[in-house]
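In mature numbering (1 follows the signal peptide of the UniProt record, and there is no 0), the protein residues as written are -21 to -1, 1 to 552. Shown next, in structure tokens, is the structure this report addresses.
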Amino acid sequence: MKKLLGLLGAASLVVSTSAVAVACNKDRPTSAKLNRDLARQLIASIAGGDPSLAYKDFGDLFSDADITATVVKIINDLLGKKYGYESTNANLDKLGLQKYEDLGENGKLPDSFLNNYNLQAGTVAEDLLFTEYSTSISSNRLDLTQIDSKLYSLNPTEDVVVKDVKNNTFTVKAKSKISILKDGGKKVWSIRAEDKSTPSNTPELADLTSSTNPFYVNDDKGAEHQITAKTALRLRFQDYFDNKLVKDIIDNILTMSYIDSNAFSILPTSNESTDYGAYINTSSPLFAKTQSWFTTNTTGTGRNWTTNVRMVWSYKFERKNETKVTTALNDIYSKAVDPTNGEILKDKSLIKDVMGELATALQKDNLIYNGDNSNAYDSFFGNQGYKGFTVYDNGSSLGTSPIASKSYESAVKAATKAGILMKSGNPYYEDSSDKNIEEIVFVLPIYMIELLGASVESSGQSTYEVQGATDDSKKAIQFGWSGINNTKYADIWNQDNNKEYHSKDVQNLIKDSKEKARAMVNQIKYLVSQDSSTSEIAKTVLYSKYLDADLVYYAGLYDSIGKYIKTDKDEDK
């Protein structure tokens, strides 16, 4: 599909000849004026086909830059889905798994693929929403700010496909209500501001982080389903989720589709076999940007594997309480942490034995500080003080680091094992915005090989699967680069020099919830998609595949799109 008009035609776009600029030579515009007529038609057709939008005076609402950005986002969304569909079906076909249906009329992507695509892409926004909501609980709940702002509605605004705790897919109707199991009964999630006749009933942190998942919703047939906290939040704030959080990451979703397509090599399981398997492609951005993969002299000095991915938390406290905090820390040191370097002891859990125990001790005397309302919880382990994921490749952050310019940023970059960060033997870092506040910083390095299930403590069996179009159509990935070496990476990871980097917390996450482990892979994929070099390659590949540079150039879009397109002439050079 080498024509942009064909792509946009699927969205019912009608373009007049006066609305396009044709370029038949190698000279390209670098500051072409935006064609607003075309922008109006494009926005109107893809935003629901409202014909009135085609004649609206966007000059009162948007600048040329705003409209150009919107058009580019729409194109990126279309291309990401189109490429995702084609590359996914190609891989499923090779693996002998159930493919998604053929394209519908006018090239429409099948609903089954779009539903799954949106579910997977949405896991990134779900994590963002979980962190935002957990932070709001201690200050001004997101429910109330959404009502007050009048920008977004609460509860589902349109039918949506989600999954329950048993991984069953079902449809939730618009205007459905979410219930929370509390005090032995189920009560509708609501606040007085939306319905004065109903008492407020909102989830607490204990509900959001509970392994029992006390959230319920009915499907379109009236049957009740138990859902996770992240799914409940996605439904409760669907309007905000779809129209703010997801749209903010559309450019990254384009790159994520590219990353998905080559993360695993689809190869024969043996020289004579017609059966194919999915093997880790360590040259792909997802794996090359996240950890090292030495395969020679693997037991030599300095040949242990290292990771670029880390999760970071911190507990804040007032400087005047340092003596009390030190007493609590000393107890942790005696049980689970090496006090000389802050690293956790063998077979100990950072989440449970260190952070959990310390939080319990500090909260007895109300020592954890949250005067700045920054105490977020993560959606994977349910721990407070969450700062986020960091990915530092050769010392540079992929995208914006959540701990940029913090006093402990360098220590995070250097951390190789889970534990408490130390500064010259001292576990306390001064808060960058208030010298009267100190922080204890925790770091958990994440290795992709372990997140996929390769650690011997997790039986060394893959827990990550290539999923076909139906729930029963799937195939586990292999821990090698080919059928002849299908366990090579797992074998190296389980050598003694790498075993010391194995994480009980990651192993427990995989054991307790494959869905959370898969969501973490998606979160890391999103972080890698923010890498400028990976994004440039993705745009070059996808734009060149679908957009014909010599046939149609949309006025004002060259700098955003056209410069990435490689023509046959470019490829011949």
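Glycine included, C-beta positions come from ideal geometry on N, C-alpha and C.
- Of the other Cβ atoms in all chains shown, 16 or more fall within 10 Å of the Cβ of residue 418; this residue is therefore buried.
- Contact check for residue 431 and residue 456: beta-carbon distance about 7 angstroms, within the 8 angstroms limit, so the pair qualifies.
- According to the DSSP assignment, residue 499 belongs to the alpha helix (DSSP H) that extends over 493 to 508.
- Membership of residue 150 in the beta strand (DSSP E) is indicated by the continuous run 148 to 151.
- For the options 330, 153 and 77, the alpha carbon positioned closest to that of residue 451 is the one of 77.
- By the neighbour-count criterion, in which 16 or more other beta carbons inside 10 Å mark a residue as buried, residue 463 falls on the exposed side.
- Around the beta carbon of residue 167, a 10 Å sphere encloses fewer than 16 other beta carbons of the protein chains shown; the residue is thus reported as exposed.
- Of the residues 177, 139, 181 and 367, the one whose Cα lies closest to the Cα of residue 159 is 181.
- Annotation for residue 123: 170 and 172 place their beta carbon closer than 8 angstroms to its own, counting only its chain and skipping 5 residues before and after.
- Taking C-beta atoms under 8 angstroms as the contact rule, residue 454 and residue 74 qualify, at a distance of about 5 angstroms.
- For the pair residue 110 and residue 104, the Cα-to-Cα distance works out to about 10 angstroms.
- Going by DSSP, residue 520 is part of the alpha helix (DSSP H) stretching over 511 to 525.
- Here the alpha carbons of residue 292 and residue 485 stand approximately 16 angstroms from one another.
- Checking the DSSP bridge columns, you'll see residue 481 has no partner listed.
- Taking C-alpha positions only, residue 525 is separated from residue 545 by approximately 11 angstroms.
- Check the Cα spacing between residue 516 and each of 408, 298, 233 and 474: the tightest is with 233.
- Cβ atoms of residue 244 and residue 62 stay farther apart than 8 angstroms, at about 18 angstroms.
- Between residue 406 and residue 99, the alpha-carbon positions lie close to 38 angstroms from each other.
- Spanning the alpha carbons of residue 219 and residue 365 requires a straight line of approximately 22 angstroms.
- Looking at the backbone, the Cα of residue 482 and that of residue 281 are separated by about 20 angstroms.
- Per DSSP, residue 427 is one residue of the alpha helix (DSSP H) stretching across 427 to 430.
- Residue pairing by DSSP puts residue 196 in a beta bridge opposite 204.
- Taking C-beta atoms under 8 angstroms as the contact rule, residue 231 and residue 242 fail to qualify, at a distance of about 15 angstroms.
- Ranked by how close their Cα comes to the Cα of residue 459, the residues 401, 274, 322 and 474 have 274 in first place.
- Secondary-structure assignment with DSSP links residue 453 through a beta bridge to 446.
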